[in-house]
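**Q** Residue 359 in this note's numbering is what sits at position 233 of the sequence shown, and the numbering runs on without skipping anything. Virtual Cβ for every residue (Gly too), placed ideally from N, Cα, C. Only a predicted model underlies this, so the values are computations on that prediction, with no experimental measurement involved. The following block contains the structure, expressed as structure tokens.
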Amino acid sequence: MVSRVIPVDPFDLVIFGGTGDLAQRKILPALFRRFRGGQMPTGARIIGAARASMDTDAYRAFVMSALQEFSGDGSAQEIADFLSRIHYVILDADGDTGWSTLRGFFDQDDEFDEANPPVRVFYFSVRPRLFGGLAERLYRYGMAKGGRIVVEKPFGNDLETARTLNQMLAAYFHESQIYRIDHYLGKETVQNLMAIRFGNMLFEPLWNSQYVDHIQITVAETVDVEGREDYYDRAGAMRDMMQNHLMQLLCLIAMEPPAKFDSDAVRDEKLKVIRALDPVQPHHIVRGQYSGDADVGLPSYRDTVGNQRSTTESYVALKAHVSNWRWAGTPFYLRTGKRLVARSSVINVMFKDAPHSIFGADAGRHANLLTIRLQPNEGITLQVTIKEPGQGGMRLVDVPLDMSFAEALGKEGSHPADAYERLIMDVIRGNQTLFMRGDEVEAAWAWTDPVIAGWTARGDVPKPYDSASIGPGDADLLMRRDGREWRGIRP
Ligand code: NAP
Numbered sequence: 127m128v129s130r131v132i133p134v135d136p137f138d139l140v141i142f143g144g145t146g147d148l149a150q151r152k153i154l155p156a157l158f159r160r161f162r163g164g165q166m167p168t169g170a171r172i173i174g175a176a177r178a179s180m181d182t183d184a185y186r187a188f189v190m191s192a193l194q195e196f197s198g199d200g201s202a203q204e205i206a207d208f209l210s211r212i213h214y215v216i217l218d219a220d221g222d223t224g225w226s227t228l229r230g231f232f233d234q235d236d237e238f239d240e241a242n243p244p245v246r247v248f249y250f251s252v253r254p255r256l257f258g259g260l261a262e263r264l265y266r267y268g269m270a271k272g273g274r275i276v277v278e279k280p281f282g283n284d285l286e287t288a289r290t291l292n293q294m295l296a297a298y299f300h301e302s303q304i305y306r307i308d309h310y311l312g313k314e315t316v317q318n319l320m321a322i323r324f325g326n327m328l329f330e331p332l333w334n335s336q337y338v339d340h341i342q343i344t345v346a347e348t349v350d351v352e353g354r355e356d357y358y359d360r361a362g363a364m365r366d367m368m369q370n371h372l373m374q375l376l377c378l379i380a381m382e383p384p385a386k387f388d389s390d391a392v393r394d395e396k397l398k399v400i401r402a403l404d405p406v407q408p409h410h411i412v413r414g415q416y417s418g419d420a421d422v423g424l425p426s427y428r429d430t431v432g433n434q435r436s437t438t439e440s441y442v443a444l445k446a447h448v449s450n451w452r453w454a455g456t457p458f459y460l461r462t463g464k465r466l467v468a469r470s471s472v473i474n475v476m477f478k479d480a481p482h483s484i485f486g487a488d489a490g491r492h493a494n495l496l497t498i499r500l501q502p503n504e505g506i507t508l509q510v511t512i513k514e515p516g517q518g519g520m521r522l523v524d525v526p527l528d529m530s531f532a533e534a535l536g537k538e539g540s541h542p543a544d545a546y547e548r549l550i551m552d553v554i555r556g557n558q559t560l561f562m563r564g565d566e567v568e569a570a571w572a573w574t575d576p577v578i579a580g581w582t583a584r585g586d587v588p589k590p591y592d593s594a595s596i597g598p599g600d601a602d603l604l605m606r607r608d609g610r611e612w613r614g615i616r617p
């Protein structure tokens with residue numbers, strides 16, 4: 127398998143929050159990997175911006191240690207070459223310090239070519255409170271024209287705040303310039319999901335309620351909320367994960383085939399799915415909060431956030447219905463939680479049993495299962511029923527047809543590009559397909575808000591669940607009441 131690097135135009139990428147955690151762990155290592163992959167043309171510049179007082183040399187040293195810690199590869203020469211592209215500006219997103227200096231980087235292109243504007247990306251890797259001010263100053267200092275802004279999550283806290291944020295950005299940037307990032311959409315398997323659905327004849331005819339019994343989407347984490355206590359205790363799993371990541375995965379599974387693979391066609395179809403979601407019934411949702419484990423010194427959720435009365439959920443499971451012709455009668459079960467037994471993001475499409483077994487009752491019940499693993503070990507498995515090998519009559523057994531990328535695609539498949547690599551390169555190419563549009567985000571909040579309002583009105587308290595478990599027992603009941611079971615959570 128030969129790696130194909132699609133060239134991009136020379137670009138300038140400004141990272142507001144260039145000294146932050148996300149810049150160190152994700153953005154800078156992703157850029158370095160693309161640099162090593164030959165995708166950073168001569169003349170491309172990366173400009174870190176933050177309030178910390180340092181010069182470009184000190185920032186380069188800072189970037190080098192971030193690469194050493196979070197990238198772990200690359201020769202000394204490659205690192206040195208990459209660092210020569212890095213610059214730093216002391217800048218205050220809340221004030222006017224540094225903005226003229228930043229503008230100075232772009233002064234040479236005074237003869238701005240409207241038809242072919244230079245590629246300038248402004249990555250908002252700062253607290254959301256600063257997003258509006260950044261947009262306004264970029265405009266005021268003459269950098270908005272032709273520029274692209276990348277906006278990190280969380281995008282609002284509810285419908286009202288998301289709407290306000292959309293309006294603030296729209297005052298200075300056209301929607302085609304705004305890239306709302308959800309890194310789940312940058313995962314190799316997520317795009318493969320679309321390739322599998324729309325590139326094969328095999329699945330799409332079966333992709334509806336006539337053949338699909340139900341769909342499970344699980345995003346399980348082993349980590350707790352440490353390091354993000356304040357934010358998380360105000361947000362909870364519903365806002366932090368369900369409203370964005372799980373909702374986006376549901377959209378890609380449930381959407382109609384877009385007429386073409388372009389950003390508005392794909393996003394139009396995703397939006398229709400969100401708008402077709404029924405409101406979630408209170409008895410179709412389970413909230414949980416992890417307990418501590420004194421034996422191994424693990425603090426409870428409430429200990430972690432330092433709030434013994436917190437009623438924020440670190441786990442949520444729900445049953446959703448997409449009310450349209452394709453999906454009427456096929457439930458979608460979604461769950462996500464922290465401090466669970468394994469880190470695993472997986473989508474299971476459970477097909478219905480064959481309508482009649484010619485092999486008799488002894489053959490048991492068998493149904494096909496398509497498993498799409500997002501992390502770890504990205505890959506896709508189709509479980510099919512075959513005859514158990516050997517003597518002894520017609521016994522059936524389910525075996526996996528494993529399409530793990532590592533095996534099928536060799537080196538390329540075993541090291542798929544990190545989501546941030548792909549998404550940043552998409553911004554540079556001007557491709558918005560894998561980014562959320564403003565109306566999508568608002569529709570997702572419009573679906574989420576009543577659920578949260580219901581909890582508040584009822585004084586709902588999340589059910590405790592053990593650390594390293596699969597979540598609260600009530601989540602199993604949610605499935606068992608429907609005669610179904612969650613698939614295991616495995617690494
Ligand atoms: P962080 O570690 O707190 O970093 C914040 C950055 O913003 C620092 O570089 C800080 O540098 C800079 N900053 C703060 N106030 C500023 C101001 N007034 N003007 C200019 N720069 C300012 O935060 P983070 O974890 O990197 O998160 C950044 C964004 O990404 C947030 O929106 C977060 O929700 C989102 N996000 C983060 C992660 C993650 O894994 N970290 C994951 C998903 C989304 P100075 O203090 O020197 O100015």
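1. Could you compute how far the alpha carbon of residue 440 sits from the alpha carbon of residue 415?
2. Assuming residue 343 and residue 372 form a contact by the criterion Cβ under 8 Å, report the distance between their Cβ atoms to the nearest whole angstrom.
3. Taking the C-alpha atoms as reference points, what is the distance between residue 392 and residue 184?
4. Identify every residue that forms a DSSP beta bridge with residue 435.
5. Check each candidate in 369, 398 and 327 and name the one with the smallest Cα separation from residue 279.
6. Does the structure place the segment 542-562 close enough to the segment 262-271 that three or more beta carbon pairs sit under 8 Å?
7. For the alpha helix (DSSP H) that contains residue 606, what are its first and last residues?
8. Helix, strand or coil for residue 466? Go by DSSP, reduced to three states.
9. Under 7 Å from any heavy atom of the ligand NAP, does the C-beta of residue 280 make it?
10. Tell me where the beta strand (DSSP E) around residue 494 begins and ends.
11. In the DSSP output, what is residue 201 paired with across the bridge?
12. Please report how far the alpha carbon of residue 345 lies from the alpha carbon of residue 449, in whole angstroms.
13. Report whether the distance from the Cβ of residue 254 to the nearest heavy atom of the ligand NAP is below 7 Å.
14. Could you say if the segment 415-425 and the segment 323-340 meet the contact criterion of at least three C-beta pairs nearer than 8 Å?
15. Among 384, 329 and 315, which has the Cα closest to the Cα of residue 83?
16. Helix, strand or coil, according to DSSP, for residue 559 in the structure here?
17. Our contact map puts residue 215 next to residue 411 with C-beta atoms below 8 Å; I'd like the distance itself, whole angstroms only.
18. Please determine whether the Cβ atom of residue 232 lies at a distance below 7 Å from any heavy atom of the ligand NAP.
19. What do you get for residue 366, buried or exposed, if any count of 16 or more other CB atoms within 10 angstroms of its CB means buried?
20. What span of residues does the beta strand (DSSP E) with residue 374 cover, start to end?
21. Which residues in the same chain have their Cβ closer than 7 Å to the Cβ of residue 249, if we skip the five residues on either side of it in sequence?
22. Would you kindly report the start and end of the unbroken alpha helix (DSSP H) that includes residue 404?
23. Compare the Cα-Cα distances from residue 427 to each of 135, 321, 514 and 353 and report the closest residue.
24. If you draw a straight line from the alpha carbon of residue 136 to that of residue 174, how long is it in whole angstroms?
25. Any heavy atom of the ligand NAP within a distance shorter than 7 Å of the CB on residue 563?
26. What residues match up with residue 509 in a beta bridge as DSSP calls it?
27. Runs of 3 residues minimum, wholly inside the segment 217-278: which ones carry the beta strand (DSSP E) assignment?
28. Rounded to the nearest angstrom, what separates residue 304 and residue 568 at their Cα positions?
29. Can you give me the C-alpha to C-alpha distance between residue 653 and residue 586, rounded to a whole angstrom?
30. Taking the beta carbon of residue 476 as the centre, do at least 16 other beta carbons fall within 10 Å, making it buried, or is it exposed?
31. Looking at residue 552 and the ligand NAP, is the gap between the Cβ and the nearest heavy atom below 7 Å?
32. Going by C-alpha distance, which of 132, 155 and 385 is nearest residue 191?
**A** In brief:
1. Residue 440 and residue 415: Cα-Cα distance of roughly 5 Å.
2. 6 Å
3. 43 Å
4. Bridge partners of residue 435: none, in fact.
5. 369
6. Too few Cβ pairs lie closer than 8 Å, so no.
7. From DSSP, the alpha helix (DSSP H) with residue 606 extends over 599-606.
8. strand
9. yes
10. 493-501
11. Answer is none; residue 201 lacks a bridge partner.
12. 24 Å
13. yes
14. no
15. Here the chain covers residues 127 to 617 and nothing more, so residue 83 does not appear.
16. coil
17. About 46 Å separates the two Cβ atoms, so there is no contact after all.
18. no
19. buried
20. That residue, residue 374, is in no beta strand (DSSP E); its alpha helix (DSSP H) goes 373-380.
21. 139, 140, 141, 142, 153 and 276
22. It is not in any alpha helix (DSSP H) - residue 404 carries neither H nor E in the DSSP assignment.
23. Residue 427 has its Cα closest to that of 353, out of 135, 321, 514 and 353.
24. 17 Å
25. Distances between the C-beta of residue 563 and the heavy atoms of the ligand NAP are all 7 Å or more.
26. 495 and 526
27. 245-250 and 274-277
28. 15 Å
29. Look at the range of the chain in this structure, 127 to 617, and you will see that residue 653 is not part of it.
30. Buried, by the Cβ-count rule.
31. no
32. 155
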